[in-house]
Each structure stands twice: as structure tokens, then as C-alpha cells.
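Asker: Have a look at this one before I ask anything.
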Amino acid sequence: MSEQWEAIEAKREEQVGESTYFIDADNFGEVARLCKQHRLLANGMGGALPEISDFSHIQDVLDIACGAGGWAVDIALEHPTVQVTGVDINPGMLEYARSQAQEEDVQNLHLHLMDATGPLDFPHNTFDLVNARLLSSFMPTSKWPTFLRECARITRPGGAIRVVEAEAPLTNSAACEQLNALIAQSMKAGGLGFSPDGRHLGLIPVMKRLLQDAGCRNVRLFSYAIDCSASSLERVRAYQNGQTVYKLVQPYLLQLGLATQQELDRLYHLALEDMNSPDFCALWTFVTVLGEVPDPNKA
């Protein structure tokens, strides 16, 4: 197994300088998928920010890797007196987020081009809440500790850091399970996640420790199980999400040599058939970790 990972890693190193995101973010299908995925998560989790009900102490919010802007726009709409900042590395995503904000007549959202894997270009103690959702799709394993320390640096004492991550959905479809396994392997090969063997993404178990190591205290876990089965209310968005992901991830899997195009085409069509079946069952698990940045003036 180690020889396999070394060979894959060598292929990945040939692509130095390219984005670590395993899907082409410039593809409009990915923009549309992120919008639908946000609504799927918000509905399944009970809102954009269900872990915090009291916003009286929050004035400035940062959404890191905001993508198409779904979460940031929702927070700005729900809390018009709060200043919301979103950053992303992709100009196209930011442009779409701006158009969404204009369509909703949002006045308190500010969007900036920024690479989340590098130093965050904000002064110390700038935000009351820093949100980082599903960064495992591009954040290298080695950079998580530095990234979270940066989040703590720019968060005001007494403020909070919120990290949301997931594992691949569990399904009763053999084709979906094989594709999910390939995606997990590709992320390990790309230096993403914390799985020791590539059988899963592996970030959920270590999130609490990572936040604690970054200096956070009172770290709390919140878990959510979103029903993506054929009988669920979210079946359409869940199907569309899988349909797009399984197609757009194919170039990455091919580059890493994890499957042939013929194999991927076969699995893709079988997965779509299974997801369209009335017997299809799927459960998608998300975990939020919320940590407080210590206030030295308080005991």
C-alpha cells in the first residue's frame, strides 16, 4: 500500500502550483452545486448557524473560502447590523457571490480575494466569529495547524472559531460506495484529510484536538445526520449534488491513476441509476466544532 501512495504522490508533485481543490472551481456546474449544497446543509442542520442563538456580542463575521457565497449571504440577511466578510481564492466564485448579494439587496457583505492556505491578510483581533466550512476539499493536512492559529490570531478574545466538516455519505449503493472510496483515496493522495489509509477523509475525529492545539477552549461538538435517501425531503438536492460531484471529480481521479475513464463511466451511470431508485438510502454526517478564543482579561 505504501508503494501505491508513493507513486500517486509523485504524480501529484508534478502538478506543483495548481490549486489543491480536487474539482475545477471554474466550472459553472460546481458553482451551481455549491449553491444547492449550501441549501441542503442549511435545511438539514436547522439553519446557517444553528449552534449560536445569541448574536448580541457579534459584530464582525468572517467566512473563509466562502465560495458562491451561500452561507455568508444568509448570515448577512439574517443579521443586517452585523458586518460579514467573505474571502475566496477564486475570482469567479466571488463574482457570483456578489451577484447573489446584489440580488438580495445585501448591504453588509464584503468580499475579498484571498488564499486560505496562506497567511490571512487581516489584523489581530478583527472578528468575533470565524467560519470555516468544508475546507478539507482543499486544505492540505500539513497546513491545518497553522491555518487554525491564523484563525485564532484574527479572532477577538472571547470570540469563536467554527469549523464544519463531513465524511462521505453512507449509502446502500455499491457504485456510490466505490466512487466515494475513490474520492477518499484521491484526497489522501492529494495530501488532504487525516485518514491513515485513504479509506475515509479522517478530519472529523481530529477537529476538536486541532482547535484545542490552536489555543481554543470550551471546544464543543455538534453532529448532524442529513437524510439523502430517495424518500427524503432533500432527495432532489442530494441527487443533484452527487450527480455533479461524481462527474466533476473524474479528471482528478484520472490524473492520479486511480481509475480508467471506462471504469468511471460505468460507476457513474450505475450510481445515477441507484440514486434514482425508490429503494436508495443515504445518510450524510456533518460535525461542527465550535471553540472559544480565550480572553486574558477573564478568568
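According to the working numbering, the sequence shown is numbered sequentially starting from 12.
We put the CB at the ideal spot given by N, CA and C, even for glycine.
In this text, all values refer to a predicted model and were calculated from it rather than measured experimentally.
(1) Going straight from the alpha carbon of serine 110 to that of threonine 92, what length do you get?
(2) Alpha carbon to alpha carbon, what distance is there between threonine 182 and aspartate 290?
(3) To which residues of the same chain is valine 217 closer than 6 Å at the C-beta, ignoring the five residues directly before and after it?
(4) Is the beta carbon of alanine 83 closer than 7 Å to that of leucine 120?
(5) Going by beta-carbon coordinates alone, are glutamine 189 and leucine 269 separated by less than 7 Å?
(6) Where serine 147 and phenylalanine 297 are concerned, what is the direct C-alpha to C-alpha distance, given to the nearest angstrom?
(7) Rounded C-beta distance between arginine 231 and leucine 159? I'm assuming under 8 Å.
(8) Would the region 302-309 count as touching the region 271-291 if we require 3 or more Cβ pairs under 8 Å?
(9) Figure out for me which residue from Asn191, Thr166, His49 has the closest Cα to the Cα of lysine 258.
(10) Along the chain, where does the alpha helix (DSSP H) that runs through serine 234 open and close?
(11) Sorted by chain position, which residues of the same chain lie with C-beta nearer than 6 Å to aspartate 65's C-beta, five sequence neighbours on each side aside?
(12) Tell me which residues share the same chain as alanine 282 and place their Cβ nearer than 8 Å to its Cβ, disregarding the 5 neighbours each side in the sequence.
(13) Give the DSSP bridge partners of phenylalanine 205, in chain order.
(14) In whole angstroms, what separates the C-alpha of threonine 137 from that of proline 130?
(15) Using beta-carbon positions only, say whether leucine 267 and leucine 193 come within less than 7 Å of one another.
(16) From glutamine 261 to glycine 209, what distance separates their C-alpha atoms?
(17) Taking the alpha-carbon of isoleucine 69 as reference, which of Ser234, Arg246, Gln48, Ala171 has the nearest alpha-carbon?
(18) Use the C-beta contact count for aspartate 99: other C-beta atoms within 10 angstroms, 16 or more gives buried, fewer gives exposed.
(19) For alanine 241, collect the residues of the same chain with a Cβ closer than 8 Å to its Cβ; drop the 5 residues on either side in sequence, then sort them by chain order.
(20) Taking the C-alpha atoms as reference points, what is the distance between glutamate 41 and phenylalanine 233?
(21) Just to check my reading of the structure: threonine 255 and glutamate 62 have Cβ atoms closer than 8 Å, yes? What is that Cβ distance to the nearest angstrom?
(22) Report the start-end ranges of each beta strand (DSSP E) in the region 128-198 that is 3 residues or longer and not cut off at the edges.
(23) Quick one: residues in its chain with C-beta nearer than 6 Å to the C-beta of lysine 154, no 5 flanking neighbours on either side, listed in chain order?
(24) Quick one: what does DSSP say glycine 40 is sitting in, helix, strand or coil?
Answerer: Judging by the given coordinates:
(1) 21 Å
(2) 11 Å
(3) Phe205
(4) yes
(5) no
(6) 12 Å
(7) Actually they do not touch by this definition, with Cβ atoms about 16 Å apart.
(8) no
(9) Asn191
(10) Here serine 234 belongs to no alpha helix (DSSP H); instead the beta strand (DSSP E) covers 228-238.
(11) none
(12) Ser184, Ala186, Cys187, Leu190, Gly253, Tyr257
(13) DSSP, once it has assigned bridges, lists no residue as partnering phenylalanine 205.
(14) 14 Å
(15) no
(16) 17 Å
(17) Ala171
(18) buried
(19) Met286, Asn287, Ser288, Pro289, Asp290, Phe291, Cys292
(20) 27 Å
(21) Going by Cβ atoms, the distance from threonine 255 to glutamate 62 rounds to 28 Å, so no, they are not a contact pair.
(22) 138-144, 166-177
(23) Thr128
(24) helix
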